[in-house]
Amino acid sequence: MNDRSALVLFSGGQDSTVCLAWALDRFEHVETVGFDYGQRHAVELAQRSIVRDALVGCRDWGQRLGPDTVIALPELGRLSETALTRERAIAFEDGGLPNTFVPGRNLLFLTYAAALAYRRGIPTLVGGMCETDYSGYPDCRQATITAMGEALALGLDYPVKIATPLMFVDKAGTWAMAERLGGEELTQIVIEQSHTCYLGDRRSRHPWGYGCGSCPACDLRAKGFEAWRGAQSTGTV
Ligand code: ZN
């Protein structure tokens, strides 16, 4: 086991791109894992390799970035009737959760990632879970991740750790973190290549990147970008 290595749960979105940069900044060897669970738009998955290729040119990260693994979980898409896996409008359910919530998704992702990490002798998983921005996703909360880390370490009898560098960071902070880690070069990769839009729209280019501009994911990304740029211009970042 090499404690200088990490496995990043990497979707190709803004948060996991910044998490991948965070890991490349700290660990000597970084691998990525992604999941194909029948997302209704495959754009995010397609952007994964484009973002990875772009990160190879940042800092000395090309020497640190190891292989990528994509795990197919089609049953997860079949089990979940959510707006991320079906052609349904994005809305809030009676329980207060958005219908983009895929029940159990992050728990399954972490379990599969831990199984891969075990095989590859990697002790640290890195994920972009965040409880700061409003989504209400219960599997993104610190309490869930702490419990999951304990369950995995016990169940695998392997000292696996889950690092969540964005847990208490808002979207403006995520943009600022990208700049701290990789400067303008990384923020440009995040803008141009990372994909967040729930509708898979890459036709319209906004100052913050591509997306429909109106879904909850685009809204968060846009507001975070504006807040970060505003803080930059007043020298508070
Ligand atoms: Zn959108």
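Start counting at 1 in the sequence shown, then tack on 821, and there's your number in the working numbering. Virtual Cβ for every residue (Gly too), placed ideally from N, Cα, C.
{"Asked": "Can you tell me the Cβ-Cβ gap for Ala927 and Asp960, rounded? I've got them flagged as a contact below 8 Å.", "Found": "The question names Ala, yet the displayed sequence has Asn at residue 927. Right, their Cβ atoms sit about 4 Å apart."}
{"Asked": "As a quick exercise: from Leu931, Thr995 and Ala844, pick the residue whose alpha carbon is nearest that of Phe856.", "Found": "Leu931"}
{"Asked": "What is the chain-ordered set of residues for which the beta carbon lies under 7 Å from any non-hydrogen atom of the ligand ZN?", "Found": "Cys1018, Tyr1019, Leu1020, Asp1022, Gly1032, Cys1033, Gly1034, Ser1035, Cys1036, Ala1038 and Cys1039"}
{"Asked": "If we ignore side chains and look at the alpha-carbon of each, how far apart do Ile983 and Asp874 end up?", "Found": "25 Å"}
{"Asked": "Measuring straight from C-alpha to C-alpha, what distance separates Cys840 and Leu1002?", "Found": "10 Å"}
{"Asked": "May I ask which residues mark the beginning and end of the beta strand (DSSP E) holding Ile983?", "Found": "Lys982 to Ala984"}
{"Asked": "Is the CB-CB distance between Leu828 and Ala934 below 7 Å?", "Found": "yes"}
{"Asked": "Check the DSSP bridge columns for Ser826 and list the partner residues they point to.", "Found": "His850"}
{"Asked": "Give the range of the beta strand (DSSP E) segment to which Pro888 is assigned.", "Found": "Leu886 to Ala893"}
{"Asked": "When you compare each of Val854, Ser1054, Gly1034 and Leu876 to Ala893 by their alpha carbons, which one comes out closest?", "Found": "Val854"}
{"Asked": "Which residues does DSSP list as the beta-bridge partners of Asp857?", "Found": "Ala893"}
{"Asked": "Can you find a CB in chain B that lies within less than 7 Å of the CB of Asp857?", "Found": "Going by chain labels, chain B is absent from the structure shown, which holds only one protein chain."}
{"Asked": "Specify the secondary structure class of Leu987 as computed by DSSP and reduced to three states.", "Found": "coil"}
{"Asked": "The beta strand (DSSP E) that contains Val947, what's its start and end?", "Found": "Thr945 to Val947"}
{"Asked": "Distance, Cα to Cα, Thr838 vs Ala1043?", "Found": "16 Å"}
{"Asked": "Tell me whether the beta-carbon of Gly1030 lies closer than 7 Å to the beta-carbon of Ile1012.", "Found": "yes"}
{"Asked": "Following the continuous alpha helix (DSSP H) through Asp1040, name the residue where it begins and the one where it ends.", "Found": "Pro1037 to Ser1054"}
{"Asked": "What's the C-alpha gap between Ala842 and Ala999?", "Found": "8 Å"}
{"Asked": "Are there 16 or more other CB atoms within 10 angstroms of the CB of Ile835, so buried, or fewer, so exposed?", "Found": "One detail in the question is off: residue 835 reads as Gln in this sequence, not Ile. So Gln835 ends up on the buried side."}
{"Asked": "Provide the residue span of the alpha helix (DSSP H) that contains Tyr933, from first to last.", "Found": "Arg926 to Arg941"}
{"Asked": "Are the beta-carbon atoms belonging to Gly898 and Gln868 less than 7 Å from one another?", "Found": "no"}
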